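Asker:
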Amino acid sequence: MKILAIESSCDELSIGVIENGRILCNVVSSQIENHKQFGGVVPELAARLHLENLNWVLNEVQEKIHLDWNTINQVAYTANPGLLGSLIIGKMVAETIGAYLDVPIVPLDHIEGHIFASSIDNDFVYPVLALIVSGGHTQIELVRSPNDFEIIGSTIDDAIGESYDKVARVLGFDYPGGPQVDKLAQLGTPTYQLPLSKNDQSYDFSYSGLKTAAINLIHNLNQKQEPIKINDFCASFQEAATKVIAMKLERAIQEYKPQTLTVGGGVSANSKIRTTILELGKKYQITKTIIPKFQYCTDNGAMMAQLAYAKFKKK
Ligand code: KG4
Ligand code: ZN
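When you line the sequence shown up against the UniProt record's numbering, it's residues 1 to 315, in that order.
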């Protein structure tokens, strides 16, 4: 069983190929350099660049694994959520290849893909409790099978990655600034006071309050001409952004008693998030605790291919 999967939901166009559960290739064309000058992703530009990059991605896949297109049994693609223009490009490509090869065309959910990224080379034991932390989402899901996902908590406003990037931008870092904030946070001490948003008994999250408080603090310090201790500031932001996640995830573990604990999405590359997951897994002696390999944290086709294969196997 060979599946070709296309991911195009945001500013990465990527194709992954999986054969009987083994990832054969994961080609990613990132547009970060093109969007940097605007301080964030410009949806219209993202869709147009996907079209421009398509030939390169397809050729790269073919060259890397000497792909005989007739051996593909299924074409999968990210159908939602994501930027409309970007998603449409992926759908058109999938439908064209699928129709040409006369094989099934399978639409997939991007968040489910992020969850399955960590099951590449490391099978899940169900039920799985998954934290999804990305530029567009902050969620906790309970996964009972590749076809059974229950969202038990979600952000009510900004996503965690989005708040990292916006605070980073005010600090003067290039887009996406999340990784830079994480890097400096590891060198600092959380000495600045920032609020813990939505620190309540629900499993929902909120990041707009923290983002605003952090940006206001930067402006206040600037007005008073007080130098910002940048490493300590980043450490304080990271502490506030991840502490509520750790507390809510711990409560979810106690309530849902998962066999696997995992994390997915761009922010799963974050050092504090990764140690939090590993520590919770150890504390509750969860059968499997899996953090994704770095190349599968941000958007990629391999995770969608993995999800498609898991669904196929289950069927
Ligand atoms: O999953 P992803 O590639 O795109 C979406 O589906 O949103 O996530 C991208 C996000 C960006 O906001 C980026 O700043 C953030 O992931 N990110 C990080 C780190 N690495 C990537 N945020 C904090 N710490 C990191 N180490
Ligand atoms: Zn994503």
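Even glycine gets a Cβ: it sits at the ideal position worked out from N, Cα and C.
Because the structure is a prediction, the values reported are computed rather than measured.
Taking residue 29 as the reference, give the member of 17, 7, 249 and 132 with the closest Cα.
Answerer: 7
Asker: Within a Cβ cutoff of 8 Å, which residues of the same chain sit near residue 54, ignoring the five residues on either side of it in sequence?
Answerer: 13, 89 and 93
Asker: In terms of alpha-carbon separation, which member of 17, 235 and 10 lies closest to residue 42?
Answerer: 10
Asker: When you measure from the CB of residue 191 to every non-hydrogen atom of the ligand KG4, does any distance come out below 7 Å?
Answerer: no
Asker: Does DSSP put residue 103 in a helix, a strand or coil?
Answerer: When secondary structure is reduced to three states using DSSP, residue 103 falls in the coil class, being assigned neither helix nor strand.
Asker: Evaluate contact between the stretch 259-271 and the stretch 171-179, counting only Cβ atoms and requiring at least three cross-stretch pairs below 8 Å.
Answerer: yes
Asker: Just curious, the beta strand (DSSP E) that residue 316 is in, first and last residue?
Answerer: In this structure the chain extends from 1 to 315, so residue 316 is not present and cannot be described.
Asker: Roughly how many angstroms separate the alpha carbons of residue 152 and residue 204, rounded to a whole number?
Answerer: 8 Å
Asker: Use the C-beta contact count for residue 123: other C-beta atoms within 10 angstroms, 16 or more gives buried, fewer gives exposed.
Answerer: exposed
Asker: Suppose the cutoff is 7 Å on Cβ atoms and the five residues either side in sequence are ignored; what does the same chain contact list for residue 49 look like?
Answerer: 31 and 34
Asker: Kindly indicate which three-state DSSP category residue 80 falls into: helix, strand or coil?
Answerer: strand
Asker: For residue 303, is the classification buried or exposed, using 16 other Cβ atoms within 10 angstroms of its Cβ as the cut-off for buried?
Answerer: buried
Asker: Report whether the distance from the Cβ of residue 327 to the nearest heavy atom of the ligand KG4 is below 7 Å.
Answerer: Any question about residue 327 goes unanswered here, given that the chain covers just 1 to 315.
Asker: Helix, strand or coil for residue 149, going by three-state DSSP, please let me know.
Answerer: strand
Asker: Determine the burial state of residue 158: buried for a count of at least 16 other Cβ atoms within 10 Å of its Cβ, exposed for fewer.
Answerer: buried
Asker: Taking 7 Å as the cut-off, does the CB of residue 66 come closer than this to any heavy atom belonging to the ligand ZN?
Answerer: Residue 66 Cβ: outside cutoff for every heavy atom of the ligand ZN.
Asker: Is residue 187 helix, strand or coil when you go by DSSP?
Answerer: coil
Asker: Could you check if residue 154 belongs to the surroundings of the ligand ZN, using beta carbon to heavy atom distance under 7 Å?
Answerer: no
Asker: Going by beta carbon distance, what residues of the same chain come within less than 8 Å of residue 246, once the five residues before and after it are set aside?
Answerer: 276 and 280
Asker: Determine the burial state of residue 258: buried for a count of at least 16 other Cβ atoms within 10 Å of its Cβ, exposed for fewer.
Answerer: buried
Asker: Three or more C-beta pairs closer than 8 Å, one from the stretch 235-254 and one from the stretch 125-143: is that the case here?
Answerer: yes
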